[in-house]
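S.K.: Numbering (this note's numbering), first residue to last: 58 to 606. Here a beta-carbon is modelled for each residue, glycine too, at the ideal position from N, C-alpha and C.
(1) For residue 500, which residues from the same chain have a beta carbon less than 7 Å from its beta carbon, with the 5 sequence-adjacent residues on both sides left out?
(2) Helix, strand or coil for residue 608, going by three-state DSSP, please let me know.
(3) Measuring CB atoms only, is the stretch 266-277 touching the stretch 229-242, in the sense that at least three cross pairs come out at less than 8 Å?
(4) Among the candidates 126, 256 and 259, whose CA atom is the shortest distance from the CA of residue 162?
(5) Shortest alpha-carbon distance to residue 467 belongs to which of 173, 250, 182 and 190?
(6) How is residue 527 classed by DSSP in three states: helix, strand or coil?
(7) If you draw a straight line from the alpha carbon of residue 194 to that of residue 218, how long is it in whole angstroms?
(8) Residue 293: which of 596, 549, 484 and 144 sits nearest, CA to CA?
(9) Which residue comes first and which comes last in the alpha helix (DSSP H) that contains residue 200?
(10) Quick check on the burial criterion: 16 or more other C-beta atoms within 10 angstroms. Buried or exposed for residue 372?
(11) By a C-beta neighbour count over all protein chains shown, 10 Å radius and 16 as the cutoff for buried, is residue 376 buried or exposed?
(12) According to DSSP, is residue 553 helix, strand or coil?
(13) Of the residues 482, 596, 474 and 115, which one's Cα is nearest the Cα of residue 146?
(14) Mark residue 570 as exposed unless 16 or more other C-beta atoms lie within 10 angstroms of its C-beta, in which case mark it buried.
(15) Could you have a look at residue 36 and say whether DSSP puts it in helix, strand or coil?
(16) Tell me which residues share the same chain as residue 221 and place their Cβ nearer than 7 Å to its Cβ, disregarding the 5 neighbours each side in the sequence.
(17) Should the stretch 342-357 be regarded as contacting the stretch 307-324, the criterion being three or more beta carbon pairs within less than 8 Å?
(18) Excluding the 5 residues flanking residue 475 on each side, which residues of the same chain have their C-beta closer than 8 Å to its C-beta?
(19) Would you tell me roughly how many angstroms separate the C-alpha atoms of residue 553 and residue 204, rounded to the nearest one?
(20) Count the CB pairs spanning the stretch 327-344 and the stretch 150-157 that are closer than 8 Å, and state whether there are at least three.
(21) Skipping 5 residues on each side, what residues in its chain have a beta carbon closer than 6 Å to that of residue 198?
(22) So, at 6 Å on beta carbons, what are the nonlocal neighbours of residue 358 in its own chain, with the 5 sequence-adjacent residues on each side left out?
(23) With DSSP collapsed to three states, give me the class of residue 419.
(24) Does the Cβ of residue 538 have 16 or more other Cβ atoms within 10 Å, making it buried, or fewer, making it exposed?
(25) For residue 449, which residues in the same chain have their Cβ closer than 6 Å to its Cβ, ignoring the five residues on either side in sequence?
(26) One question on the structure: do residue 438 and residue 446 come within less than 8 Å of each other, judged by their Cβ atoms?
(27) Within 10 Å of its beta-carbon, does residue 230 have 16 or more other beta-carbons around it, so buried, or fewer, so exposed?
(28) Leaving out five residues before and five after residue 560 in sequence, what residues of the same chain have Cβ atoms less than 7 Å from its Cβ?
(29) Just checking my contact of residue 102 with residue 277 at CB under 8 Å: how many whole Å lie between their CB atoms?
(30) Enumerate in chain order the residues of its own chain whose CB-to-CB distance from residue 435 is below 6 Å, with the five nearest sequence positions on each side excluded.
(31) Looking at C-alpha atoms only, which residue of 460, 591 and 493 is the closest neighbour of residue 532?
(32) Entirely within the stretch 391-476 and at least 4 residues each: give me those alpha helix (DSSP H) ranges in chain order.
(33) Helix, strand or coil: which one does DSSP assign to residue 246?
(34) Between residue 173 and residue 583, what straight-line distance do the alpha-carbon atoms span, to the nearest angstrom?
(35) Which runs of the alpha helix (DSSP H) at least 4 residues long sit entirely within the stretch 288-332? Give them in chain order.
(36) If you draw a straight line from the C-alpha of residue 200 to the C-alpha of residue 429, how long is it?
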């Protein structure tokens, strides 16, 4: 089936099904505040959890609640719930397993800090000396111990692979333990290889999760982990059913309300992404959770041309900065990332290059977050007519890349290196070396094509191949520019600047039919734009019959 038709069909289905899910959630909106107590079991999907333990029988409900909270990455609440289990039964060793795994946290956010690792190690040791766990429980405990076995940052990959192997042993030893199979699939997903475009790990995880989801369609972990497994452009539509269900399966869990937007963003369903992230932000239990939802909201609003709404999101994010100590060890990675990403997106997506060049770099323990601001500043300066102002930021990008290499954080080192290459390309182009700039940007785009965005981000600040399209267009090479825009939209459909760039390239080629199609799609995507962007004015002039669009 034609990809554009598939996406339109998905959009129609999504609108209808998401509305139904929203109705199911509405009952929870008025009474979400639980006054610091645990949310009711049905609000996080605890009734679907099957996890027998050797602990005292009256801990079963709380234990299932804690596991459900983990499945929706509500880790602070999960730890509190496991601690309640231990208050009732101090000899419940498997509760310490849950606390340790909760300290590991979101498996997709990169390097753990030493504070997290120390807490997890302490929980593992407590599990090992507490009570008399069953053989099955002991396998869970020894599996999670692998995540904390050697806390040197450069050993993290080895630890996660050892954890995956231990979970495989557990799942095979107890084939009827549904939770073991689910956690094993998550361990597989965690170990996906960035740049492996066979998606071997993701498909391996999906092969475990999808049959289980057919049998247990109300299990929040299954829906959640399917979204993560398929959070890649060629796979995203496979996650649509899970995305449409997940929010209603754990309607009080902020992450559950946010996660569907990973799929919606991948297939260009911007309003659906906004709607689910509004719910997530409204019930967020921390500034970091809210900031993560706000980043996805800002990105979606900017694709719709709703710049005023995007600015409201930006102002809300700025108000939250004081609530997130982004310089502290253990600061939430998603929150710190969003603080840097939102203002950079707001400038670059609007092609407000002078604004981008003037952004303030926020302090952070995470080099990749600072790199986003330096990247936006460098590209803004180079494209805004003051290329020499980009030099310092380009040097900072190189320094941050080298710091990540020293940490052996290979994924983020490569991402920052790509940003460095892109910024250098625009500097050389702005200095009058067009051929060199294009060659550098082609190299950067090819490198970026071999990788994928992090789950912590809704999208790249500016896709390298889309930027290549603009550079080629400015170099009077519209045929190559159009191909660059098309390739970008294959991975990131319904991007505002991708559609507009493709329209401009087709127009330069005097392919008026294609130009009309791209501009019409742009005006459809941005039908509710709240500012009169120059791009929209141009599209309307080209389509006089759409002058009122």
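M.R.: Considering the structure as presented:
(1) Indexing the chain shown from 1 puts residue 500 at position 443. Counting only Cβ-Cβ distances below 7 Å, and skipping sequence neighbours, we find 478.
(2) Here the chain covers residues 58 to 606 and nothing more, so residue 608 does not appear.
(3) yes
(4) Here the question's residue 162 lines up with position 105 in the chain shown. Among 126, 256 and 259, the Cα nearest to that of residue 162 is on 126.
(5) On the chain shown, position 410 is the one that residue 467 refers to. Per the Cα distances, 250.
(6) Working through the chain shown from its first residue, we reach residue 527 at position 470. Helix at residue 527.
(7) Your numbering for residue 194 matches position 137 in the chain shown. Your numbering for residue 218 matches position 161 in the chain shown. If you take the alpha carbons of residue 194 and residue 218, they lie about 20 Å apart.
(8) Residue mapping note: residue 293 aligns to position 236 of the chain shown, counting from 1. If we check each option's Cα against that of residue 293, 549 comes out closest.
(9) Working through the chain shown from its first residue, we reach residue 200 at position 143. Per DSSP, residue 200 belongs to the alpha helix (DSSP H) from 192-202.
(10) In the chain shown, the residue the question calls residue 372 occupies position 315. Exposed, since its Cβ has fewer than 16 Cβ neighbours within 10 Å.
(11) Numbered from 1 along the chain shown, position 319 holds the residue referred to as residue 376. Its Cβ having fewer than 16 others within 10 Å, residue 376 is exposed.
(12) As a position in the chain shown, residue 553 is number 496, starting the count at 1. Residue state, collapsed to three classes: helix.
(13) The count along the chain shown starts at 1 and reaches residue 146 at position 89. Per the Cα distances, 115.
(14) Taking the first residue of the chain shown as position 1, residue 570 is located at position 513. It counts as exposed.
(15) Absent from the model: residue 36. The displayed extent of the chain is 58 to 606, so no value can be given.
(16) Walking along the chain shown from the start, residue 221 turns up at place 164. Closer than 7 Å at Cβ, skipping near neighbours: 244, 245 and 248.
(17) yes
(18) Indexing the chain shown from 1 puts residue 475 at position 418. These residues qualify, in order along the chain: 501, 504, 505, 508 and 521.
(19) Taking the chain shown and counting its residues from 1, the one referred to as residue 553 is at position 496. Taking the chain shown and counting its residues from 1, the one referred to as residue 204 is at position 147. Their Cα atoms are separated by approximately 41 Å.
(20) no
(21) Start at 1 with the first residue of the chain shown, and residue 198 comes out as number 141. Closer than 6 Å at the Cβ level, and outside the excluded window around residue 198, lie 154 and 184.
(22) Numbered from 1 along the chain shown, position 301 holds the residue referred to as residue 358. Within the same chain, residue 358 has close Cβ partners 366 and 367.
(23) Within the chain shown, the letter at position 362 stands for residue 419. Looking at residue 419 - three-state DSSP - the assignment turns out to be coil, as it is neither helix nor strand.
(24) Taking the first residue of the chain shown as position 1, residue 538 is located at position 481. It is buried - the Cβ of residue 538 has at least 16 other Cβ atoms within 10 Å.
(25) For the purposes of this step, residue 449 is taken as residue 392 along the chain shown, with counting starting at 1. Around residue 449: no qualifying Cβ.
(26) For the purposes of this step, residue 438 is identified with residue 381 of the chain shown, where counting begins at 1. For the purposes of this step, residue 446 is identified with residue 389 of the chain shown, where counting begins at 1. In contact: residue 438 and residue 446 (Cβ atoms closer than 8 Å).
(27) Walking along the chain shown from the start, residue 230 turns up at place 173. By the 10 Å Cβ count, residue 230 comes out exposed.
(28) Here residue 560 is taken as the residue at index 503 of the chain shown, counted from 1. For residue 560, where only same-chain residues beyond five positions count, the Cβ hits under 7 Å are 572, 575, 576, 579 and 596.
(29) Within the chain shown, the letter at position 45 stands for residue 102. Within the chain shown, the letter at position 220 stands for residue 277. Going by Cβ atoms, the distance from residue 102 to residue 277 rounds to 4 Å, so yes, they are a contact pair.
(30) On the chain shown, residue 435 is found 378 positions in, with the first residue counted as 1. Once the five neighbours on either side are set aside, the close Cβ partners of residue 435 are 447, 450, 451 and 480.
(31) Taking the first residue of the chain shown as position 1, residue 532 is located at position 475. The candidate whose alpha carbon is nearest that of residue 532 is 493.
(32) 410-414, 424-440 and 448-463
(33) Walking along the chain shown from the start, residue 246 turns up at place 189. The answer is helix: DSSP assigns residue 246 an H, G or I state.
(34) Within the chain shown, numbered from 1, the residue matching residue 173 stands at position 116. Within the chain shown, numbered from 1, the residue matching residue 583 stands at position 526. Each residue's alpha carbon lies about 43 Å from the other.
(35) 297-306, 311-315 and 317-323
(36) What you label residue 200 is simply residue 143 of the chain shown in a count that begins at 1. What you label residue 429 is simply residue 372 of the chain shown in a count that begins at 1. Distance between the alpha carbons of residue 200 and residue 429 is about 36 Å.
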